[in-house]
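Below is one structure, written out as structure tokens; the observations come after it.
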Amino acid sequence: MKKPFLSIALASTLAFGAIGTQAVFAQQAGTEQEQPLKVFDHKVIKHINAENIYNNIAYLSKTPRVAGTEAEDNAVKYIKEQFESYGYEVEIQPFQYYGYTPPHTVQLSVAGYDGELKPASFTYTVSGNASGDLVYAGLGKKEELTNMDLTGKIALIKRGDISFADKVLNAAEKGAAGVIIFNNTSGDVNGTLGGANDQYVPAVAITQAEGEALLTKLNSGSKLTASVKIEGARTGESTSHNVIATKKPTNKQKDTNKVIVVGAHHDSVAGAPGANDDASGTATTLELARVLKNVPTDTEIRFVTFGAEELGLIGSTYYVNNLSDEDKERVIANFNLDMVGSRDAGDLVLLTLDGKPNLVTELAQASSERLNGAPTPYGQGGRSDHVPFAEAGIPAALFIHSPSEPWYHTPEDSIDKISKEKLQDVAEIVGAAVYDLARFDSMGPKPKKGPKVKADADMYFEQAVR
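Our numbering numbers the first residue of the sequence shown as 183 and each following residue consecutively.
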């Protein structure tokens, strides 16, 4: 998911979200008034099975599902087959985009160094094979390289001060055949060169510990020869796909002519299995499609998994932009599930583009209060597939746990980090909320007087550029 980490501070005033007309908070005649809540929620939640969600995550997260690659195509086929196994007719919506395809092979070896090296690529790094003497080039700033001849050599550069792209370009200008950038803090480098450039040379990233170990060897007088190999990276036209399964209203005579969209993105970033980001949202969407398939409803429900979210919400933007004007008027809600299963993330929060409540947050706060005794807090946040819907004037919200897990966008985003309890909780909240709106004779939520539980989302973005 293209998103910042979040920190949530709950407002001190407790309040309630909106609920359907059948649900009443008054305590009088409790048996008569509580029963409808249990009846319509139970039709959905009793059938939700976290094992199904978990198993689909396990399949999808066997390998990274980068947009425009064979792995993403295989994920699309699997999702289509799952929808069809539930009885849906499925539409595959292809779309083209100009973008970067990350490498399938990233290798680094250094003759004369016995330590282990685990190189990572930068977004927009180029393919190529480069070998040469390893030379330390400081921070890679122009003034540092003025009197250096890097012709045919591999430049070892420390992260900091200037962008990754400038480091690579400065070294290339001095003749470097390749570049190794090591971190200036603990952890992996998850970086980008910002855009395509014909002047780039093959570049990889390594950790601070790895870089300092190489630098120590060089400072001791050892001669090291480095080899960088990158294959499969390219910039150009690619194709990705959205997968759409539609549940029509059960009774045409009671058709509200409205549409609810429940969705998630099925692609991941390079090098990350994407178990939580976002096989968890995709698998939860699949399970909700299974559970709701044969439940009587008077509103159309579309279950959509989007491609190329990680490249800039490309699939969801294409989907919304290609809705007819009539369809845009018909779509009344978008439930966007992104990163909903990590055991190491925080609590569930609802994020809207403008930070204000809408139909989706009202429904979800109501269902979470019915199920868990307290409404899920909401706040402001973008950078996921609810954004194109919100920009089109469609009520939309992101369901995500906050703060994000430490494994976000890393190879550690794997199935062993997934919590079945969190999957069950999110699926029940969303399933009950969707059914509350789509069931027969539902007139939608009525706001309850009083303030709502508000989450102030402090957004800060990962430093991917420098």
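Each residue gets a CB set at the ideal place from its N, CA and C atoms; glycine is no exception. On a predicted model such as this, the values are computed, not experimentally measured, just so you know.
Checklist entry - Out of GLN547, GLN562 and GLY561, which has the shortest C-alpha to C-alpha gap to GLY555? => result Nearest of GLN547, GLN562 and GLY561 to GLY555, Cα basis: GLN547.
Checklist entry - What's the C-alpha gap between GLY489 and HIS224? => result Each residue's alpha carbon lies about 32 Å from the other.
Next on the checklist: Taking the alpha carbon of LYS440 as the reference point, which residue from THR481, PRO559 and ALA347 has its own alpha carbon closest?
Outcome noted: It is THR481 whose Cα lies nearest to the Cα of LYS440.
Item to check | Cβ-Cβ distance between LEU290 and PRO301 below 8 Å | outcome: By the CB criterion at 8 Å, LEU290 and PRO301 fall inside the cutoff.
Next on the checklist: Within the continuous alpha helix (DSSP H) that includes TYR590, where are the two ends?
Outcome noted: No alpha helix (DSSP H) contains TYR590, which DSSP labels as neither H nor E.
Checklist entry - Considering only C-alpha positions, which residue in the set VAL473, LEU468, ASP526 and LEU580 is nearest to ASN516? => result Out of VAL473, LEU468, ASP526 and LEU580, the CA that lies nearest to the CA of ASN516 is found in LEU580.
Checklist entry - Which residue spans inside the stretch 512-583 form an unbroken beta strand (DSSP E) run of at least 3? => result Counting only runs of 3 or more, we get 513-519, 529-534 and 560-562.
Next on the checklist: I'd like to know whether the C-beta atoms of TYR318 and GLY377 end up nearer to each other than 8 Å.
Outcome noted: Cβ atoms of TYR318 and GLY377: not closer than 8 Å.
Checklist entry - Which residue comes first and which comes last in the alpha helix (DSSP H) that contains GLN606? => result From DSSP, the alpha helix (DSSP H) with GLN606 extends over 602-620.
Item to check | Separation of ILE600 from ALA197, as counted between CA atoms | outcome: The pLDDT assigned to ALA197 is 31, lower than 50, so where the model puts this residue is not dependable; a value taken from the coordinates is nonetheless given after this. ALA197 and ILE600 have their C-alpha atoms some 31 Å from each other.
Checklist entry - Is THR287 buried or exposed, if buried means 16 or more other CB atoms sit within 10 Å of its CB? => result Exposed: under 16 other Cβ atoms inside 10 Å.
Item to check | Unbroken alpha helix (DSSP H) run spanning GLU149, endpoints | outcome: The chain is shown only over 183 to 648; residue 149 falls outside these bounds and no answer can be derived.
Checklist entry - Where DSSP assigns a beta bridge to VAL386, which residues make up the other side? => result Beta bridge pairing from DSSP links VAL386 with SER303 and ILE362.
Next on the checklist: Does the contact criterion of 3 or more C-beta pairs under 8 Å hold for the stretch 243-256 versus the stretch 446-456?
Outcome noted: Enough Cβ pairs lie closer than 8 Å, so yes.
Next on the checklist: Would the stretch 515-532 count as touching the stretch 453-463 if we require 3 or more Cβ pairs under 8 Å?
Outcome noted: A contact exists between the stretch 515-532 and the stretch 453-463.
Item to check | Range of the contiguous alpha helix (DSSP H) that encloses GLU670 | outcome: Lying outside 183 to 648, the shown extent of the chain, residue 670 is not represented and no answer is given.
Checklist entry - Shortest alpha-carbon distance to GLY563 belongs to which of VAL542, ALA609, THR534 and TRP589? => result Comparing Cα positions, the closest option is THR534.
Checklist entry - Does the pairing of the stretch 394-403 with the stretch 424-437 give three or more beta-carbon distances under 8 Å? => result The stretch 394-403 makes no contact with the stretch 424-437: fewer than 3 CB pairs, one atom from each, lie closer than 8 Å.
Checklist entry - Can the beta-carbon of ASP459 be found closer than 8 Å to that of ASP370? => result Between ASP459 and ASP370, the C-beta spacing is not below 8 Å.
Checklist entry - What is the rounded straight-line gap between the Cα of SER549 and the Cα of ALA232? => result Rounded to the nearest angstrom, the two C-alpha atoms are 18 Å apart.
Checklist entry - Relative to the alpha-carbon of ALA385, which residue among ILE336, ALA391, THR421 and THR398 has its alpha-carbon at the smallest distance? => result The shortest Cα separation from ALA385 among ILE336, ALA391, THR421 and THR398 belongs to ILE336.
Checklist entry - Among all the DSSP beta bridges, which residues are the ones paired with GLY342? => result Beta-bridge pairing by DSSP links GLY342 to ILE344.
Next on the checklist: Please state the DSSP three-state secondary structure of LEU290.
Outcome noted: It is a strand residue.
Next on the checklist: Beta-carbon within less than 8 Å of ALA211's beta-carbon, same chain only, minus the 5 sequence neighbours each way: which residues are those?
Outcome noted: Confidence is the limiting factor: at ALA211 the pLDDT is only 34, short of 50, which leaves the residue's position unreliable, though a coordinate-based value still follows. Same-chain partners within the cutoff: there are none.
Checklist entry - Would you call the CB atoms of TYR617 and VAL226 closer than 8 Å? => result It is a contact, given that the beta carbons lie within the stated cut-off.
Next on the checklist: Please state whether the Cβ-Cβ distance between ALA354 and VAL383 is less than 8 Å.
Outcome noted: Yes; because the gap between Cβ atoms is below 8 Å, this pair is in contact.
Next on the checklist: Going by the DSSP bridge assignment, what does ARG416 pair with across the sheet?
Outcome noted: DSSP lists THR283 as partners of ARG416.
Next on the checklist: As a quick exercise: from TYR260, ILE274 and ILE344, pick the residue whose alpha carbon is nearest that of ARG484.
Outcome noted: Shortest Cα-Cα distance from ARG484 to any of TYR260, ILE274 and ILE344 involves ILE274.
Item to check | Bridge partners - VAL132, DSSP secondary structure assignment | outcome: Because the chain in this structure spans residues 183 to 648, residue 132 falls outside the shown range and cannot be described.
Item to check | Reference ALA446, options PRO570, ALA614 and GLU325, closest by Cα | outcome: Taking only the C-alpha atoms, the option nearest ALA446 is PRO570.
Item to check | Rounded C-alpha distance that separates GLU392 from ALA454 | outcome: Cα to Cα, the separation comes out at about 21 Å.
Checklist entry - From ASN433 to VAL477, what distance separates their C-alpha atoms? => result Going from the Cα of ASN433 to the Cα of VAL477 covers about 11 Å.
Checklist entry - Closest to ALA408 by CA distance: which of ALA293, ASN256, SER584 and ASN366 is it? => result The candidate whose alpha carbon is nearest that of ALA408 is ALA293.
Item to check | Neighbour-count burial assignment, GLN278, 16 or more Cβ in a 10 Å radius | outcome: GLN278 comes out exposed.
Checklist entry - If you count every other CB in all the chains shown that lies within 10 Å of the CB of GLU551, and 16 or more means buried, which is it? => result Under this definition GLU551 is a buried residue.
Next on the checklist: Measuring alpha carbon to alpha carbon, tell me which residue in MET330, ILE388, SER368 and GLY537 is nearest SER649.
Outcome noted: With the chain covering only 183 through 648, there is no way to say anything about residue 649.
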